[in-house]
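Note that this note's numbering has the sequence shown beginning at 80, numbered continuously upward. Notes for the one structure printed next.
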Amino acid sequence: MLLLFLACGADNVVKSSNEAPIVTILRPVDGSSFDPALPVELCVQLEDESAAEKLAIVLQSDVDGVLAESPAGSEREACKGGNFGVAVNLSGGNHVLSVFATDDDGDIGEDSAAIQAQANTAPECSFALPYNGTVLRVGESVDVAVGTTDAQSDPALLAAVLASDIDGSFWSGSPDSAGTVATRFSPLAGGEHRLSMTLSDPGGLVGTCHVDIDVEACLDDDRDGATTCDDEDCDDDNDTVYAGAEELADG
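Listed below in structure tokens is the structure:
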């Protein structure tokens with residue numbers, strides 16, 4: 080009877096299974112860099128047995144101290160992929176950002192990310208097409224391919240503008256995720272063009288690159304009706320010499 084009593088008693092013991100909240104810093108990524116002149120966007124995913132809104136949150140830096148506090152039950156901004164987002168300004172230097180989440184029972188979950196200060200630098204680019212010194216005819220299509228890079232930003236976040244110093248802007252948009260801009264356009268006015276790409280990053284810095292091409296106008300200096308674009312005027316200084324002209328016995 081004693082053994083049976085002990086066994087039944089053990090079955091009725093209730094143990095608390097409460098665990099600390101799970102905190103995951105999504106952004107900034109551990110080991111990444113930031114520009115001290117711009118706010119740092121922090122995005123965190125919070126998980127707990129109770130609602131995440133009931134957690135008390137503290138964000139701090141090992142250099143700047145407490146950066147933000149969000150008491151339990153306070154309104155919070157969500158962020159892409161997470162349920163707690165905040166923008167903070169950091170001093171120069173390297174920081175370890177830590178997020179602490181405390182539940183109703185006093186259990187604390189935390190996560191940290193180390194980031195390094197790096198001043199923003201301007202984006203860079205280079206023309207793969209057209210080649211410098213390319214000669215085209217008026218009305219001929221121009222293939223443009225430009226490679227872009229930026230030390231701090233995804234190339235797809237850059238704002239790009241292609242322009243000619245004669246014809247002005249003819250394309251605007253953003254590079255693809257690989258940093259490439261590829262397009263075709265026509266026509267350009269006759270003359271010597273400087274094609275340029277201007278890139279602007281999210282921090283407002285601007286980078287440019289350029290290439291020089293020559294667009295030949297269709298000329299008819301001897302006014303015989305055949306232009307340099309026709310490839311039919313064998314002598315543009317003589318109005319009697321052109322493809323289809325009457326044959327003359329002139330020696």
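Backbone N, C-alpha and C define an ideal beta-carbon position, used for all residues, glycine too.
Selected residue, minimal CA-CA separation from residue i, among the options
i: D222; options: R263, A116, I187 and T259; result: R263
i: P107; options: L125, K133, A192 and A230; result: A192
i: D141; options: S177, E271, S275 and T227; result: S177
i: R188; options: V260, A230, V225 and L138; result: Note on identity: in this sequence residue 188 is Gly, with Arg being the wrong assignment. When each option's Cα is compared against that of G188, the closest is L138.
i: A259; options: D233, S170 and E326; result: For clarity, residue 259 is Thr in the given sequence; the question names Ala instead. Looking at the Cα atoms, D233 is the closest of the given residues.
i: C158; options: L105, A131 and K133; result: L105
i: E132; options: S170, S111 and D182; result: D182
i: G247; options: G171, V225 and S265; result: S265
i: G144; options: S170, P254, L134 and S111; result: S170
i: Q197; options: A99, G282 and A328; result: G282
i: A130; options: A99, L208 and S279; result: A99
Residue j beta carbon less than 8 angstroms from that of residue i
i: A147; j: V165; result: yes
i: T294; j: F206; result: Sequence inspection shows Val at residue 294; the Thr mentioned does not correspond to that position. Not closer than 8 angstroms, so no.
i: T103; j: V119; result: no
i: V240; j: S256; result: no
i: E128; j: I101; result: no
i: N199; j: A116; result: yes
i: V217; j: A296; result: yes
i: V167; j: L121; result: yes
i: S253; j: A230; result: no
Rounded separation between residue i and residue j - CA only
i: Q195; j: E203; result: 22 angstroms
i: I136; j: F179; result: 6 angstroms
i: V175; j: A242; result: 43 angstroms
i: L284; j: T277; result: 10 angstroms
i: H272; j: T227; result: 21 angstroms
i: N97; j: T287; result: 57 angstroms
i: S275; j: D244; result: 8 angstroms
i: F113; j: E219; result: 45 angstroms
i: G185; j: N162; result: 21 angstroms
i: D109; j: I292; result: 45 angstroms
i: D190; j: A261; result: 42 angstroms
i: L134; j: E156; result: 14 angstroms
i: A268; j: E154; result: 58 angstroms
i: A328; j: V320; result: 13 angstroms
i: A201; j: G270; result: 31 angstroms
i: L208; j: A324; result: 39 angstroms
i: F249; j: A224; result: 14 angstroms
i: D280; j: G212; result: 29 angstroms
i: S111; j: S149; result: 25 angstroms
i: E326; j: Y210; result: 42 angstroms
Boundaries (first-last residue) of the beta strand (DSSP E) holding residue i
i: V178; result: H174 to T181
i: V320; result: From DSSP, V320 is part of no beta strand (DSSP E); its letter is neither H nor E.
i: C288; result: V285 to E295
i: E271; result: G270 to S279
i: S253; result: Where S253 is concerned, there is no enclosing beta strand (DSSP E), given that its DSSP letter is neither H nor E.
i: S265; result: Neither: S265 is in no beta strand (DSSP E) and is coded neither H nor E.
i: V240; result: A238 to S243
i: V108; result: V108 -> no beta strand (DSSP E), and no H or E assigned at all.
Residue-level contact to chain C via CB, residue i, 8 angstroms cutoff
i: V145; result: Reference to chain C is not applicable here, since this structure consists of a single protein chain.
**Item:** 3 or more residues per run - each beta strand (DSSP E) lying fully within the region 124-199
**Value:** Along the length of the region 124-199, whole beta strand (DSSP E) runs at least 3 residues long occupy 135-140, 144-149, 156-158, 161-167, 174-181 and 187-196, reported in chain order.
**Request:** May I have a chain-ordered list of the beta strand (DSSP E) segments no shorter than 3 residues that lie completely inside the region 207-233?
**Result:** Listed in chain order, the complete beta strand (DSSP E) runs (minimum 3 residues) inside the region 207-233 are 214-216 and 221-228.
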